[in-house]
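Working notes, beginning with the structure itself.
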Amino acid sequence: MVNLNIDFAGVKFKNPIITASGTFGFGREYSAYYDLSQLGGICVKGLTLNPRLGNKPPRIAETAMGMLNSVGLQNPGVKGFIRDELSFLRQYKTVVIANISGNTVDEYAQMAQMLSDAGVDMLEVNVSCPNVKAGGMQFGTSQEGVASVTQAVKASSNIPVMVKLSPNVTDIAQMAKAAEESGADAVSLINTLLAMRIDTATRRPMLYNNVGGLSGPAIFPVAVRMVWQVAQVVKIPILGMGGVMTGDHAVEMMLAGASLVGVGTACFDNPYAPIDVIKGIEEYMVKNEVHAASELIGKVILN
15 MVNLNIDFAG VKFKNPIITA SGTFGFGREY SAYYDLSQLG GICVKGLTLN
65 PRLGNKPPRI AETAMGMLNS VGLQNPGVKG FIRDELSFLR QYKTVVIANI
115 SGNTVDEYAQ MAQMLSDAGV DMLEVNVSCP NVKAGGMQFG TSQEGVASVT
165 QAVKASSNIP VMVKLSPNVT DIAQMAKAAE ESGADAVSLI NTLLAMRIDT
215 ATRRPMLYNN VGGLSGPAIF PVAVRMVWQV AQVVKIPILG MGGVMTGDHA
265 VEMMLAGASL VGVGTACFDN PYAPIDVIKG IEEYMVKNEV HAASELIGKV
315 ILN
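First residue of the sequence shown? That's 15 in the numbering used here, and the numbers climb one at a time after it.
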């Protein structure tokens, strides 16, 4: 027997695996395949204050070892989620994490209060959003932007707050430090890498928005490196994600410093991917005589 339990920012997870935001919807489609209670947690599709239709198609493009997406945060809005989706998720014994995106600090604060009052377990704050009051620059590309959003969300909620960091910065460790110093209870990384594909037949970008976010196994080594770098400078726990496809990948993330691991794009290829990853971690622990999953966190042996 092995112990897969993880205490993460004061929240108890039955195992280290959650589904990454934007890849699992609100869980309804996947519930046809297995009991969602098997998951450590579910991070729901990114929510905005008001409903959004998202970007014009095409907004998905295949790449070698991954995919590009420019969906544009299509979602029913916070009120729609609370009204139509939260009760469905609450029938499962798993941690529910709400991912929020805003165009202003005030929008983040409003959503944080609404979702906190509605009873979700944790917030994941997506700072890879354009700050409309700062000329469209993403909150997550400056320490000041990260700090302002983190402080506002913390002040407006009474549940743990996790800040999701963008990899499209010079030094992600400094962004993590800014989140920690501003009161974040945890950080998650990485979000997608900005990327582009061009159709040589038409000479036009494959996505209507020209560029999109790259996810999938192609970005896994980058994600592991960034998780390790962040783990060197913060004391708060880390949710590691980015191209995780197998149990060994999840173990690798944990050795780099992650306490939890998100499975995302793998779900599009294999609906059972999160369950397979949990089994893979368990098999690794049995084989290597690791009794508790927490023993893996940050235990990389450097050269």
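We put the CB at the ideal spot given by N, CA and C, even for glycine.
Keep in mind that this is a model prediction, so the values were computed, not measured.
Query: Please state the DSSP three-state secondary structure of residue 231.; Result: helix
Query: Could you tell me which of 50, 81, 61 and 66 sits nearest to residue 227, measuring between CA atoms?; Result: 81
Query: Could you tell me which whole beta strand (DSSP E) segments of length 3 or greater appear in the region 210-288?; Result: 226-229, 252-255 and 274-277
Query: In the DSSP output, what is residue 21 paired with across the bridge?; Result: 26
Query: Applying the criterion that 16 or more other CB atoms from any shown protein chain within 10 Å of the CB defines a buried residue, is residue 180 buried or exposed?; Result: buried
Query: Assuming the contact rule is C-beta atoms closer than 8 Å, residue 108 and residue 56 should be a hit. Round their C-beta distance to whole Å, please.; Result: 6 Å
Query: In the DSSP assignment, what are the bridge partners of residue 32?; Result: 55 and 276
Query: Can you check the region 55-116 for any beta strand (DSSP E) of at least 3 residues that lies completely inside it and give the ranges in chain order?; Result: 55-57, 74-77, 80-83 and 109-114
Query: In this structure, does DSSP put residue 178 in helix, strand or coil?; Result: strand
Query: For residue 50, which residues does DSSP report across the bridge?; Result: Answer is none; residue 50 lacks a bridge partner.
Query: Taking DSSP as the reference, what is the three-state secondary structure of residue 200?; Result: strand
Query: Do you know offhand how far residue 237's Cα is from residue 257's?; Result: 8 Å
Query: Flag this pair as touching only if the region 182-202 and the region 162-169 have three or more C-beta atom pairs under 8 Å; answer yes or no.; Result: yes
Query: Does the distance from the C-beta atom of residue 138 to that of residue 172 stay below 9 Å?; Result: no
Query: Consult DSSP for residue 189 and reduce its assignment to one of helix, strand or coil.; Result: helix
Query: Can you say whether residue 276 is buried or exposed, counting buried as having 16 or more other CB atoms within 10 angstroms of its CB?; Result: buried
Query: Does the distance from the C-beta atom of residue 269 to that of residue 310 stay below 9 Å?; Result: yes
Query: Within 10 Å of its beta-carbon, does residue 101 have 16 or more other beta-carbons around it, so buried, or fewer, so exposed?; Result: exposed
Query: Got a sec? Which residues, its chain only, sit under 7 Å from residue 68 by beta carbon, not counting five neighbours each side?; Result: 85, 86, 87 and 88
Query: In whole angstroms, what is the alpha-carbon distance linking residue 186 and residue 207?; Result: 13 Å
Query: Just verifying my parser: in three-state terms, what is the DSSP assignment at residue 43?; Result: coil
Query: Report all residues from its chain with a CB closer than 6 Å to the CB of residue 74; omit the five preceding and five following residues, and keep chain order.; Result: 83
Query: Relative to the alpha-carbon of residue 128, which residue among 49, 301, 63 and 36 has its alpha-carbon at the smallest distance?; Result: 63
Query: When the Cα atoms are used, what is the spatial distance from residue 302 to residue 283?; Result: 29 Å
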